[in-house]
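Data block below; observations after.
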Amino acid sequence: MKSEMANEELRYLEYFGLEYNPFPVAPDNENFYISEHIDQILTELVHGIVARKGFMVLTGEIGLGKTTISRRIINILEEKGVETSLILHTFYQDVELLREINKDFGLYSDSLERSDQMRVLNEFLLNQSRAGKNCAIIIDDAQNLDSKSLELIRMISNLETDREKLVQILLIGQPELMDKLNSSELRQLKSRIIIKKEARPLNKNELKNYLLFKLNKAGNQGRTTITTGAFRKIHRYSKGNFRGVNIFMDRCLYVAFIHNTTDIGKSIVHEAYKD
77 MKSEMANEEL
87 RYLEYFGLEY
97 NPFPVAPDNE
107 NFYISEHIDQ
117 ILTELVHGIV
127 ARKGFMVLTG
137 EIGLGKTTIS
147 RRIINILEEK
157 GVETSLILHT
167 FYQDVELLRE
177 INKDFGLYSD
187 SLERSDQMRV
197 LNEFLLNQSR
207 AGKNCAIIID
217 DAQNLDSKSL
227 ELIRMISNLE
237 TDREKLVQIL
247 LIGQPELMDK
257 LNSSELRQLK
267 SRIIIKKEAR
277 PLNKNELKNY
287 LLFKLNKAGN
297 QGRTTITTGA
307 FRKIHRYSKG
317 NFRGVNIFMD
327 RCLYVAFIHN
337 TTDIGKSIVH
347 EAYKD
């Protein structure tokens, strides 16, 4: 059964001249489409980290590419020589979160005392600063952090020399993150936000560019055509959400394959939507 499914997938990709699925559900950092809006987000956040601005926040609804943006930021920072700690799983809270931050910096301590873990982190950051190196902590899905963990983030953001911040912090999360930061108990942390950006859905023109970019990257080279009416329907059904677009476009291609056509019109899109 698995072999039949694999063969069907292979025929489907070959039919459109594709080397791989251009619309995966998982983040695709290698073939990342950078719209003007995303480019602005990347530029401002990377500048904020390199310029040692301190504390930054990126929010956005599910499926808008926040995780992929964070991975792209990490790649850029590595090229610039910035030491980074990336936390993707925020089921870690309080001192366990701090220990995971330290581990990603390559620092190890068995202690579960907050003071011990903070001392390890502070010594590392001071040594990096003396060597002229910048450091950054990036936490994805930060809306899952509890109040204690967010207060810990505030304490980490206090680490500084007389001239500059020892570590730059970027929290990435769904809109609920700002609801937490707007609470009275976290007003001190919110007051430290220097840069706040918000990921948004693709507009109609960006969606068109995105679809053509993803198809051509995967080897389609113009073999598949999408009508203007189909573009409008795809945008209406997906609302410009990256994840939604990928799920929906994968279905559109499969419906077109079943109908033995490489032309995606409104009828193909409508049938894919019904499925």
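All the letters of the sequence shown, read from the start, carry residue numbers 77 to 351 under the working numbering.
Every residue gets a Cβ at the ideal spot worked out from N, C-alpha and C, and that includes glycine.
Beta bridge counterpart(s) of residue i as assigned by DSSP
| i | result |
| --- | --- |
| leucine 89 | Looking at the DSSP assignment, leucine 89 forms no beta bridge with any residue, so it has no partner. |
| lysine 241 | Glu236 |
| glycine 249 | Thr135 |
| aspartate 339 | Thr301 |
| leucine 162 | Ile214 |
CB-CB length for residue i against residue j, believed under 8 Å
| i | j | result |
| --- | --- | --- |
| threonine 144 | phenylalanine 99 | That pair is no contact at about 14 Å. |
| aspartate 232 | serine 161 | Note on residue identity: the sequence assigns isoleucine, not aspartate, to residue 232. About 10 Å separates the two Cβ atoms, so there is no contact after all. |
| alanine 306 | isoleucine 344 | 7 Å |
| serine 205 | valine 196 | About 15 Å separates the two Cβ atoms, so there is no contact after all. |
| glutamine 219 | leucine 164 | With 8 Å as the limit, glutamine 219 and leucine 164 do not qualify as a contact, their Cβ atoms being about 13 Å apart. |
| isoleucine 340 | isoleucine 302 | 5 Å |
| leucine 242 | leucine 201 | 4 Å |
| arginine 327 | alanine 348 | 4 Å |
Buried or exposed (CB count within 10 angstroms, at least 16 for buried), residue i
| i | result |
| --- | --- |
| proline 277 | buried |
| threonine 135 | buried |
| serine 111 | buried |
| tyrosine 96 | exposed |
| glutamine 193 | buried |
| valine 331 | buried |
| phenylalanine 167 | exposed |
| alanine 275 | buried |
| valine 158 | buried |
Minimum Cβ-Cβ distance from residue i to chain B less than 8 Å
| i | result |
| --- | --- |
| phenylalanine 108 | Chain labels in this structure do not include chain B; a single protein chain is all it has. |
Boundaries (first-last residue) of the alpha helix (DSSP H) holding residue i
| i | result |
| --- | --- |
| isoleucine 215 | Looking at the DSSP string, isoleucine 215 is not in any alpha helix (DSSP H); the run it does join, the beta strand (DSSP E), is 211-215. |
| serine 191 | 190-206 |
| alanine 332 | 318-334 |
| asparagine 220 | Note, asparagine 220: premise wrong, no alpha helix (DSSP H); not H, not E. |
| tyrosine 168 | No alpha helix (DSSP H) contains tyrosine 168, which DSSP labels as neither H nor E. |
| phenylalanine 289 | 280-293 |
Boundaries (first-last residue) of the beta strand (DSSP E) holding residue i
| i | result |
| --- | --- |
| lysine 273 | 269-274 |
Residue i beta carbon near the ligand NAP (any heavy atom closer than 7 Å)
| i | result |
| --- | --- |
| tyrosine 96 | Of the ligands one can find in the structure shown there are none, so the ligand NAP has no counterpart to examine. |
*So, do the stretch 260-278 and the stretch 220-229 have three or more beta carbon pairs nearer to each other than 8 Å?*
Yes, since at least three Cβ pairs between the stretch 260-278 and the stretch 220-229 fall closer than 8 Å, the two stretches touch.
*Touching by the beta-carbon criterion (3+ pairs, under 8 Å), the stretch 157-173 and the stretch 312-320*: Contact check between the stretch 157-173 and the stretch 312-320: fewer than three CB pairs, one atom from each, fall below 8 Å, which does not count as touching.
*Are at least three pairs of beta-carbons, each pair with one atom in the stretch 237-257 and one in the stretch 135-151, less than 8 Å apart?*
Touching, yes.
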